[in-house]
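J.:
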Amino acid sequence: MVPFFDVDDFCFRERPAAGTGQAPDSTNPPAPAAEKAPLPTPLDDFWYNPDARTAAEEAGGGSSTFQPLPVCAPLESDAGFHENERLLLRYAFLLDPLPIQPVTNSAEFIFDTLSAEFPNFVEALDYICSFVSMARLGQGPVYFPPLLLDGPPGIGKTRFAMRVASLCNAGFDMLSCGGMSGGMALQGSEQGYSESRPGFYAETFRKTKVVNNVILLDEVEKMMTDHRGGDPYAALLPLLEQQTARVHKDNCLQETINLGYLSYILTANSVDTMPEPMMTRVRMVTIQPPGVNDLERIVPHVINDVKACYNLGNYDFVPDMDEIRQAYMANPNIRNLRAIIEYQIRATLWKPRSGRIAFTRPVQKATIGFAR
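In UniProt numbering, the protein residues as written are 1 to 372.
As C-alpha cells, this is what we get:
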C-alpha cells in the first residue's frame, strides 16, 4: 500500500501499489463522505487567534496552541509519482497544533545570568529583558522586534543568541546568510522545480516543535542579490514586521504560515553595505570585545563550555590567568580566549614528547590583504 494525501477529505489514505492487481472492493462500497467544513481563507488561516481563547485558557488552565495548518496539495509529476507526498510525510506535523511556550524565568534572572557570561552585551540585554518583563506580565511567550548585533567576529554573538533562546524558554534555529543569494532559502522553491523544497521556517518548526522561536540570522550583511534567485533582502523585509510575518506564504507548501511569534537576532561584522530599509526595521546595538577586566567573569563560563564540548565532566582545571590575559590582549576576542583555555587544558593532560603543544592562533591579515 502506498500512502497518499486525499485533497477532498484532507487526510492521508493508502492506495494499492502499482502492479499489484488489486481492484476496488465492489461488494463493500465506500460510505458517503461526510459534509466537509469549508477550508479557512488565507487571512483567517492563522495558527493562533488571541481573540478565540478557550475557557481553560481564560481560567489559566493551559497554554495557548496554534490551530492546524493545511500543508499543500499533491503534485503529479511526469513520472506518475506524487512528489509532494514526500513533503507531506515530512511536514505532516504542521497539521497538528504546536505549543506556545511562555517564559518561565524572570527578567532579573535572565539579565543577571547573561550579564555575567556576556558583560559586553549589557545594552542588548536591557532591550531583550524589557520585553521579557512584558511577557511575564501577560503570562505569554517572549517576543521582541528584530535586534541587530553589530561587531567584529569572534566576540560571542552567536552563543549569546543561543543562550537568550534557552533562558526565554523558546526554540532556536540559525540561518547563515553568508553567500546566500535570492529568497528561496526563506520562501521555499516553487513546486515546478525538480527538487522543490520548503523554506527555512517549515524546517525550523519541524526541529523545534514549538511556535515561539528565536531565529539567528548570522552575517546578514553578506547576503547577495542574484538575477535568478532575486533579492534576499526583499524576501526578508516582510518577515521582520510582525503583521506581515503572520501571512508568510511558502512557495513550496503553497500555504500561509504564521511567523508572528518569531523573534530575530541578526549579526553583522559591518553594516556599511546593508540597505536602508533593512536598518529601519531593526534595533542596532554595537558590541565591543570584552575588556581584560571582564576576563575573571568570562573565563569560568568558557571553561565550562570547553569541558562540556569534550565531555570532561568534573575535571578540576585551574587556568593560568596571567597567560590568558597576555594572549587575550594580543587578540581580544572570545574565539581566541577559548583557544587559549583549550591549549592550557591540553597542556595539563598531555606532556608533549616534542617539548611543546601547538597552539593554533587566529590568522592575521597583512596590510596588502594576504594572510600570514
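Using N, Cα and C, we set each Cβ at its ideal position, and we do this for glycine too. Keep in mind it's a predicted model, so treat the numbers as computed, not measured.
1. What span of residues does the alpha helix (DSSP H) with Tyr264 cover, start to end?
2. Measure the CB-CB distance between Gln288 and Asn120 and report whether it falls below 9 Å.
3. In its own chain, which residues sit with a C-beta less than 6 Å from the C-beta of Thr54, not counting the 5 before and 5 after it?
4. Whole angstroms are fine: how far does the CA of Gly291 sit from the CA of Val71?
5. So what's Val318 in DSSP terms, helix, strand or just coil?
6. What does a CB cutoff of less than 6 Å around Tyr264 pick up in its chain, not counting 5 residues either side in sequence?
7. Can you grab the Cα-Cα spacing for the pair Pro40 / Val299, in whole Å?
8. For Glu255, which option in Asn212, Glu190, Gly182 and Gln242 has the closest C-alpha, if you only look at C-alpha atoms?
9. With a threshold of 16 other CB atoms inside 10 Å of the CB of Asn293, please say whether the residue is buried or exposed.
10. I want to check one thing, is the minimum distance from the CB of Pro145 to the heavy atoms of the ligand COA below 8 Å?
11. Which parts of the stretch 118 to 194 are runs of the beta strand (DSSP E), unbroken and 3 residues or longer, counting only runs that do not cross its ends?
12. Is there contact between the stretch 335 to 351 and the stretch 305 to 324, where contact requires at least three CB pairs shorter than 8 Å?
13. Closest by CA to Ile100, which one among Arg197, Val210, Ala107 and Asp150?
14. Can you tell me whether Arg353 is buried or exposed, with buried defined as 16 or more other CB within 10 angstroms of its CB?
15. What does the alpha-carbon distance come out to for the pair Gln242 and Pro141?
16. Are the stretch 84 to 93 and the stretch 102 to 112 in contact at 8 Å, needing three or more beta carbon pairs?
17. Based on the DSSP secondary-structure assignment, which residues constitute the bridge partners of Arg283?
18. In this structure, does DSSP put Asn105 in helix, strand or coil?
19. In this structure, how does DSSP classify Met224 when only helix, strand and coil are distinguished?
20. How close, in whole Å, do the beta carbons of Phe205 and Leu89 come, if the pair is a contact with beta carbons under 8 Å?
21. Considering just the uninterrupted stretch of the beta strand (DSSP E) at Asn213, what are its terminal residues?
22. Assuming Arg338 and Val302 make a contact with CB atoms under 8 Å, what is their CB distance in whole Å?
23. Roughly how many angstroms separate the alpha carbons of Gly355 and Ile324, rounded to a whole number?
24. Indicate the three-state DSSP secondary structure (helix, strand or coil) for Pro99 in the structure shown.
25. Tell me, please, which residues DSSP counts as bridged to His301.
26. Taking just the CA atoms, how far does Ser166 sit from Leu106?
T.: Let me lay it out:
1. No alpha helix (DSSP H) contains Tyr264, which is instead part of the beta strand (DSSP E) from Leu262 to Ala268.
2. For Gln288 and Asn120, yes; Cβs fall inside 9 Å.
3. In this prediction, Thr54 scores a pLDDT of 39, lower than 50, which makes its location untrustworthy; the coordinate-derived value is nonetheless stated afterwards. Closer than 6 Å at Cβ, skipping near neighbours: no residue.
4. In this prediction, Val71 has a pLDDT of 34, which is less than 50 and means its spatial position is unreliable; what the coordinates show is noted afterwards. Cα-Cα distance, rounded: 50 Å.
5. coil
6. Excluding residues within five positions, the ones whose Cβ falls inside 6 Å are Pro146 and Ile215.
7. Confidence in Pro40 is poor, its pLDDT being 37 and thus under 50, which makes the residue's placement unreliable; the coordinate value appears in the next sentence. For the pair Pro40 and Val299, the Cα-to-Cα distance works out to about 54 Å.
8. Glu190
9. exposed
10. Ligands in the displayed structure: none, and consequently the ligand COA is not present.
11. 147 to 150 and 171 to 176
12. Three or more beta-carbon pairs separated by less than 8 Å link the stretch 335 to 351 to the stretch 305 to 324, which places the two stretches in contact.
13. Val210
14. exposed
15. A direct Cα-Cα distance of roughly 14 Å separates Gln242 from Pro141.
16. no
17. Leu147
18. coil
19. strand
20. Not really, about 15 Å apart at Cβ, beyond 8 Å.
21. Here the beta strand (DSSP E) through Asn213 covers Asn213 to Asp218.
22. Between Val302 and Arg338 the Cβ distance is about 5 Å, and since that is below 8 Å, they are a contact.
23. 20 Å
24. In the structure shown, Pro99 sits in a strand (DSSP, three-state: E or B).
25. Beta-bridge annotation (DSSP): His301 is not paired with any residue.
26. Note on residue identity: the sequence assigns Ser, not Leu, to residue 106. If I take the Cα positions, the gap works out to 13 Å.
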